[in-house]
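These notes concern the structure reproduced below.
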Amino acid sequence: MGWGVAAAVAGILLWILPSRLRLLGAALSGLGWAAMHAHAGLAQQLPPGGPPVDHALHGRVISLPDHGPGGTRFRFRVDDDPAMPRELRGRDLALGWYDGFRGAADDRRRTLRAGERWSVTVRVRAPRGRVNPGGFDAEGFALLQRVAGSGYVREPAQAHPLGEPTGLPAWRERMASAIARAVQGDGRRFVQALALGDTRGLSQADWDDLRALGVTHLVAISGFHVGVVAGVAALLAGGLWRCLPMLGLYVPRPMGAAAAAVAGAALYAAAAGFALPTVRTVLMIAVVAAARCSRRRATVAQSLSLAALAML
């Protein structure tokens, strides 16, 4: 942490001093900022190498539960409450709720709903994963997602809900259920993926086929999808201004189109659960829209730089 702060300060000094070392200053500032963020993320996790520990926790299901044949995986946010363990208050956990060791199915796990508060006893430890070259980096992914620990539900019979589902996760699950009812056939899982970023219905065979076709990026919601929605929103707003010229007396058409683009992008990002690629795109669109609304000319390089600063 200390050398990260030192690098950031040195970079800022090199940037403000009249010298030819500004690029070095920018690089040092970025390195220091990244180091401080990485340290802050690691500080939120449980200590590595420690044994698994059982905790009785209250919290909220903040992801769409993934119900598989042998268990359910979900993200759980512990209540920021003094009654909860200090090292877990307000932290996110990646949990599993599995069937019995003898194959006895536990149907109660399928009652988990996104946005619902639960009381559960879990066994958790610091995030860990295999170190196979070229394999999935589970620890890096946990750090990126700000996951404090991973574990599983113990004593499932004592687990019980504490309230009705609320918030954005609950809305996303309701929309996924509505799509499942409205769209018939196997294609509904692709509609759920495109509309909500809900890929729970896609099997490994589906991903293999998409990968072979080179279109996996079209199914997993990314900045491309958000940009398309923002463009459509801007076009619709522009058409509205043309149909109702009186609106131009209050808000110029370019400003209305820019505001509609930001609103459309933000709403679609919310539907996708504010995944990191969608947040980046919303910030970039907002930067361009802000420059347009303030009547300031912004080049592509300036817009990208401002968006990068907003992300950091």
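Here the working numbering is used: the first residue of the sequence shown is 321, the next is one more, and so on.
Glycine included, each C-beta is placed from N, C-alpha and C at the ideal position.
Asked	Found
Spatially closest choice to Ala462 from Asp401, Arg395 and Arg474, by CA coordinates	Arg395
Whole runs of the beta strand (DSSP E) within the region 427 to 505, excluding any shorter than 3 residues	437 to 445 and 467 to 474
DSSP state of Ala586 mapped onto helix, strand, coil	helix
Where Leu396 falls: helix, strand or coil (DSSP)	Reading off the sequence shown, one finds Phe at residue 396, where the question assumed Leu. Note: Phe396 maps to strand in three-state DSSP.
Whole runs of the beta strand (DSSP E) within the region 342 to 414, excluding any shorter than 3 residues	373 to 381 and 391 to 398
Euclidean distance between Cα positions of Leu344 and Trp353	14 Å
Distance between Ala595 and Phe510 (C-alpha atoms, nearest Å)	18 Å
First through last residue of the alpha helix (DSSP H) which encompasses Phe510	Arg508 to Leu516
For Tyr418: DSSP bridge partner residues	Gly391
CB contact flag (Arg428, Pro476, <8 Å)	yes
Alpha carbon of His359 to alpha carbon of Val467, nearest angstrom	14 Å
Presumed contact (8 Å Cβ cut-off) between Val546 and Thr598, rounded CB distance	5 Å
Beta-carbon proximity check, Arg445 vs Gly469, cutoff 8 Å	yes
For Leu567, the first and last residue of its enclosing alpha helix (DSSP H)	Counting along the chain, Leu567 falls outside any alpha helix (DSSP H), and DSSP gives it neither H nor E.
Classification of Pro385 by the beta-carbon crowding that lies within 10 angstroms, buried from 16 upward	buried
Inter-stretch contact at 8 Å, needing at least 3 Cβ pairs: the region 544 to 562 / the region 520 to 527	no
Local Cβ density within 10 Å of Arg614, reported as buried at 16 or more and exposed below that	The residue you asked about is not Arg; residue 614 is Ser in the sequence shown. When all chains shown are included, Ser614 counts as exposed.
Cβ-heavy atom distance, Leu567 to the ligand GDP, below 7 Å	This structure lacks the ligand GDP; in fact it carries no ligand of any kind.
First through last residue of the alpha helix (DSSP H) which encompasses Val599	Leu596 to Cys613
Ser625 in three-state terms, based on DSSP	helix
Endpoints, the alpha helix (DSSP H) within which Leu632 is located	Segment: none, Leu632 is in no alpha helix (DSSP H) and carries neither H nor E.
At least 3 beta-carbon pairs within less than 8 Å: the region 568 to 582 vs the region 598 to 609	yes
Short Cβ contact (8 Å threshold) for His378 with Arg437	yes
Where the alpha helix (DSSP H) containing Leu522 begins and where it ends	Where Leu522 is concerned, there is no enclosing alpha helix (DSSP H), given that its DSSP letter is neither H nor E.
Nearest candidate by alpha-carbon position, reference Arg430, set Ser349, Val442, Ile605 and Pro481	Pro481
Boundaries of the alpha helix (DSSP H) in which Thr619 is found, first to last residue	Counting along the chain, Thr619 falls outside any alpha helix (DSSP H), and DSSP gives it neither H nor E.
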